[in-house]
Amino acid sequence: MFGRALSRGYSSISFMAPLVAGKMGIHQPRLQTLAQLIPPLTYDLHKGDCGRMAAIGGCEEYTGAPYFVASTSLRLGVDIAYVICEKQAAPTIKGYSPDLIVNPYLRLKENKDTEDIEKTFGVLEKLHSVSLGSGMGNDEGIKESVVEIIGRIKQHNVPMVLDADSLALVCKDPELVYGYENVVLTPNAPEFKRLCKALEIEYNQDNVECTRMVAEKLGNVTVVRKGKVDIITNGSKVFVCEEPGGLRRCGGQGDILSGAIATFLAWGFKYKQGAWKYSGGDQIDSKDVNMMAAYAACMVARHASFLAYDECGRATQSTSVLEQVDIAFDNKFEQVLKALKPKK
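Printed below as a string of structure tokens:
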């Protein structure tokens with residue numbers, strides 16, 4: 002293991018981005034703390050106890066993205082994963098996996114029906130987290146539906162991840178997520194630059210303070226600025242994930258990260274409800290759950306990318322990364338979880 006990557010002189014030091022944090026302290030949470038979010042597996046569990054999530058997105062052109070989101074969640078241990086997509090995308094996504102529940106409730110502008118959005122609202126009531134935007138596309142009807150869905154998610158106070166096309170909605174109307182503490186935005190470099198422009202913040206490619214300002218100006222939401230290292234901040238705290246990743250930049254890896262974040266957010270949602278506690282390790286304050294969830298997900302997704310590149314090299318695809326997600330999770334958390342005992 003790690004032979005291909007290490008033989009190329011690949012290390013976390015060689016690709017770290019320069020960070021300019023100003024007076025802001027940068028932290029890395031302990032594995033023992035992150036593990037508090039992970040549900041213990043016992044014979045007393047029922048279906049849904051380890052989380053129900055949905056990936057909202059997917060259109061005729063982009064069918065793989067929501068599949069990567071939802072399948073990542075299942076591989077990490079969520080019990081039920083829905084995909085809510087445009088009607089024409091549904092048969093293709095259904096064909097990818099029998100494990101996904103695929104609801105074709107998104108509609109193009111010319112086919113929009115209020116009954117379909119009501120069906121989506123019905124699914125939302127069951128969920129512990131939602132990922133929006135992966136494969137959403139640019140149809141105005143779908144975008145209007147997603148705006149309505151975000152509003153309903155906020156009413157239920159369910160955590161959500163906004164990625165890809167849904168970030169354009171935030172650029173257009175920052176009030177859409179302003180002050181909602183249960184949202185995580187995951188912009189890549191171009192998306193982050195557009196957010197800065199929309200918020201009238203001077204863009205700085207490698208500045209932690211710039212990322213912190215975006216989170217703060219959006220009302221202290223959590224922002225994951227993806228890059229050579231991942232900068233995670235809610236405007237008051239900053240984590241930087243320096244976990245080595247793979248050298249390939251194939252499309253779909255951001256969707257895998259969204260699925261991982263949605264998983265840890267779903268677990269965090271139930272953790273805050275008191276669904277489980279461990280004896281040993283640091284307990285997590287409810288206000289820090291989203292930051293911890295985002296960091297844990299970044300670590301696992303980056304390690305999965307590293308493992309995939311180690312095995313496949315230049316041939317690495319996002320399907321290669323997906324196949325490593327559960328292994329990456331075990332590498333990071335298996336020993337830690339063995340040392341933690343659930344409280345009865």
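Just so we're aligned: the sequence shown equals residues 2 to 345 in the numbering used here.
Each residue gets a CB set at the ideal place from its N, CA and C atoms; glycine is no exception.
Please read all numbers here as calculations on a predicted model, not as lab measurements.
Given a threshold of 16 other Cβ atoms within 10 Å of its Cβ, counted over all protein chains shown, does residue i qualify as buried or as exposed?
{"i": "H47", "result": "exposed"}
{"i": "L107", "result": "buried"}
{"i": "Q325", "result": "buried"}
{"i": "A340", "result": "exposed"}
{"i": "A417", "result": "Outside the shown range of the chain (2 to 345) lies residue 417, about which nothing can therefore be said."}
{"i": "S237", "result": "exposed"}
{"i": "F330", "result": "buried"}
{"i": "L177", "result": "buried"}
{"i": "N112", "result": "exposed"}
{"i": "K288", "result": "exposed"}
{"i": "H129", "result": "buried"}
{"i": "Q254", "result": "buried"}
If you drop the 5 nearest sequence neighbours on each side, which residues of the same chain put their C-beta closer than 7 Å to that of residue i?
{"i": "R226", "result": "P188, F193, T212, I232"}
{"i": "S167", "result": "L133, G134, M137, V147"}
{"i": "K127", "result": "R53"}
Between residue i and residue j, how many whole angstroms is the CB-CB distance? I'm expecting something under 8 Å.
{"i": "G246", "j": "S72", "result": "Not confirmed; about 19 Å, so no contact."}
{"i": "N104", "j": "V124", "result": "6 Å"}
{"i": "S280", "j": "K342", "result": "5 Å"}
{"i": "V239", "j": "I27", "result": "5 Å"}
{"i": "I143", "j": "E87", "result": "6 Å"}
Consider the C-beta atom of residue i and the heavy atoms of the ligand FAD; say whether any pair is separated by less than 8 Å.
{"i": "L101", "result": "This structure lacks the ligand FAD, and indeed carries no ligand of any kind."}
May I ask you to list the residues that DSSP assigns as paired with residue i?
{"i": "F334", "result": "Looking at the DSSP assignment, F334 forms no beta bridge with any residue, so it has no partner."}
{"i": "T223", "result": "V185"}
{"i": "S280", "result": "K342"}
{"i": "P54", "result": "Looking at the sequence itself, residue 54 is Met, so the reference to Pro does not match. According to DSSP, which records beta bridges pairwise, M54 is partnered with A82, S130."}
{"i": "M161", "result": "V131, V184"}
{"i": "D231", "result": "C242"}
{"i": "I39", "result": "Answer is none; I39 lacks a bridge partner."}
{"i": "L107", "result": "E87"}
Determine the extent of the alpha helix (DSSP H) in which residue i is found, giving its start and end residues.
{"i": "Y97", "result": "91-97"}
{"i": "R153", "result": "141-157"}
{"i": "D311", "result": "290-313"}
{"i": "P175", "result": "Per DSSP, P175 belongs to no alpha helix (DSSP H) and is neither H nor E."}
Please return the same chain residues whose Cβ sits closer than 6 Å to the Cβ of residue i, not counting the five positions on each side in sequence.
{"i": "L186", "result": "L163, V224"}
{"i": "G269", "result": "L38, V290, A294"}
{"i": "A297", "result": "L35, F265"}
{"i": "A305", "result": "V322, Q325, V326, A329"}
Can you name, in chain order, every residue of its own chain whose Cβ lies under 8 Å from the Cβ of residue i, other than the five neighbours on each side?
{"i": "R315", "result": "R249"}
From what residue to what residue does the beta strand (DSSP E) around residue i run?
{"i": "I257", "result": "Taken as a continuous stretch (DSSP letters only), I257 belongs to no beta strand (DSSP E), being part of the alpha helix (DSSP H) at 254-273."}
{"i": "D114", "result": "Segment: none, D114 is in no beta strand (DSSP E) and carries neither H nor E."}
{"i": "M137", "result": "From DSSP, M137 is part of no beta strand (DSSP E); its letter is neither H nor E."}
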